[in-house]
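Per the working numbering, the sequence shown starts with residue 443, numbered consecutively. For each residue, glycine too, the CB sits at the ideal point set by N, CA and C.
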Amino acid sequence: MMNRTAFEDSLLQPLQFWNTKSKTEVTALLGEETARMVNYEQRNPHHCYDLFLHTLYTVQFIDDSAPAALRIAAFFHDIGKPYVAHEKQGRLVFYGHAKKSAEIARPLLSRLGYEQLYVDSICFYISHHDDFISWVLPTEPYDRKNPYLIEITAKNVAAHIEKTAVENRSLPDVKSYELWFNLLLLCQADASAQAEYVYRDGVVIDSREHKIRKVKAIQSTLQEIF
């Protein structure tokens, strides 16, 4: 098992360090749970890479100036996908994978030597990296009767933060600007490591640029809230 220092060093150049490792090597370094991501085909139109490569690109897209906790969260943000995957209309879907990923990551982080409060912060990022996946820009047409679609407004973002704070009372900075700003950096890195275009029946229904634009709109609302 790697130690904390070696692991964090590996995340400074994630593709260079991890993309050359076999599943056996990854198992030796970070356990079987992590190794399950290696060569795992996501079979989902939103993804152009296998799970481990998507993970490494997500880490790569975290800016060097960001806290180390974000790179750690990026590395484990999808580790739960193989455990929750199921078939739907000829593709894989991963409902609940964010919470499952945090559940799997927590003991791994403890074994790496991270203290409890730091583990809680990292797992917050992992658990909530998909919070805004179904949010929509106010300027775009969408089915306003669909309860799963939420308009990106300061009011709605503030309500979400309040609701999440109630569910995460033990995290001291759960209502801080920094925590939510960092979470959105992870969301943007995750989107940046996805497919450039998403097609359904030969028609573009979403894009990487659209996802990033939504994240930036949510980032802008934080300045109104805090």
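- Query: Which whole-angstrom value is the C-beta distance of F503 and A635, which I expect to be below 8 Å?
  - Reply: About 6 Å separates the two Cβ atoms, so the contact holds.
- Task: Provide the residue span of the beta strand (DSSP E) that contains R533, from first to last.
- Result: R533 to V535 is the span of the beta strand (DSSP E), which, as asked, contains R533.
- Task: Ignore the nearest five residues each way along the sequence and tell me which others in E475's own chain have a CB closer than 7 Å to its CB.
- Result: I521, I546 and L550.
- Task: Check whether the Cβ atoms of F574 and Y619 sit closer than 7 Å, and answer yes or no.
- Result: Y619 sits away from F574, with the two beta carbons spaced by 7 Å or more.
- Query: Should R586 be labelled buried (16 or more other beta-carbon atoms within 10 Å of its own) or exposed?
  - Reply: For R586, the number of other beta carbons within 10 angstroms of its own is below 16, and it is reported as exposed.
- Query: Along the chain, which unbroken stretches of the alpha helix (DSSP H) at least 4 residues long are found entirely within the region 512–562?
  - Reply: Entirely contained in the region 512–562, the alpha helix (DSSP H) runs reaching 4 residues are, in chain order, 523–526 and 539–554.
- Query: So Y584 packs on A511, CB below 8 Å; how close in whole Å?
  - Reply: No, Y584 and A511 are not in contact; Cβ-Cβ is about 33 Å, not under 8 Å.
- Item | With 16 other Cβ atoms within 10 Å as the buried cut-off, status of P456 | Classification of P456: buried, given that the 10 Å Cβ count is 16 or more.
- Closest Cα partner of H539 within the set G532, T462 and A527: Residue A527 is the option with its Cα nearest to H539.
- Should the region 630–647 be called in touch with the region 552–566, which here means at least 3 C-beta pairs below 8 Å? The region 630–647 is not in contact with the region 552–566.
- Compute the Euclidean distance between the alpha carbons of S576 and I647, then round it to the nearest angstrom. Each residue's alpha carbon lies about 14 Å from the other.
- How is S634 classed by DSSP in three states: helix, strand or coil? Residue state, collapsed to three classes: helix.
- Query: Whose CA, out of A596, E609 and N445, lies closest to the CA of K541?
  - Reply: Closest in C-alpha terms to K541, from the list A596, E609 and N445, comes E609.
- What are the start and end residues of the beta strand (DSSP E) that includes D648? Boundaries of the beta strand (DSSP E) harbouring D648: V645 to S649, taken from the DSSP string.
- Assuming L554 contacts M444 (C-beta within less than 8 Å), just tell me the rounded distance between them. For a cut-off of 8 Å, the C-beta gap from L554 to M444 is around 7 Å, short enough to register as a contact.
- Would I603 pass as a contact of A659 if the rule is Cβ separation under 7 Å? No, these two residues do not count as a Cβ contact at 7 Å.
- Identify every run of the alpha helix (DSSP H) within the region 451–501, keeping only runs that are complete inside it and at least 4 residues long; order them along the chain. Taking 4 residues as the shortest admissible run, the region 451–501 contains the following complete alpha helix (DSSP H) segments, listed from N- to C-terminal end: 456–460 and 465–477.
- Below 7 Å CB to CB, which residues in the same chain sit around S552 once its five sequence neighbours on both sides are set aside? Excluding the 5 residues flanking it on each side, S552 has same chain C-beta neighbours closer than 7 Å at V561, in chain order.
- Message: For V645, count the other beta carbons within 10 Å of its own beta carbon; 16 or more makes it buried, fewer makes it exposed. Which is it?
- Response: Exposed.
- Query: If we call anything under 7 Å between Cβ atoms a contact, is C629 one with H571?
  - Reply: Between C629 and H571, the C-beta spacing is below 7 Å.
- Message: At the level of alpha carbons, what is the spacing between L493 and R478?
- Response: C-alpha separation (whole angstroms): 9 Å.
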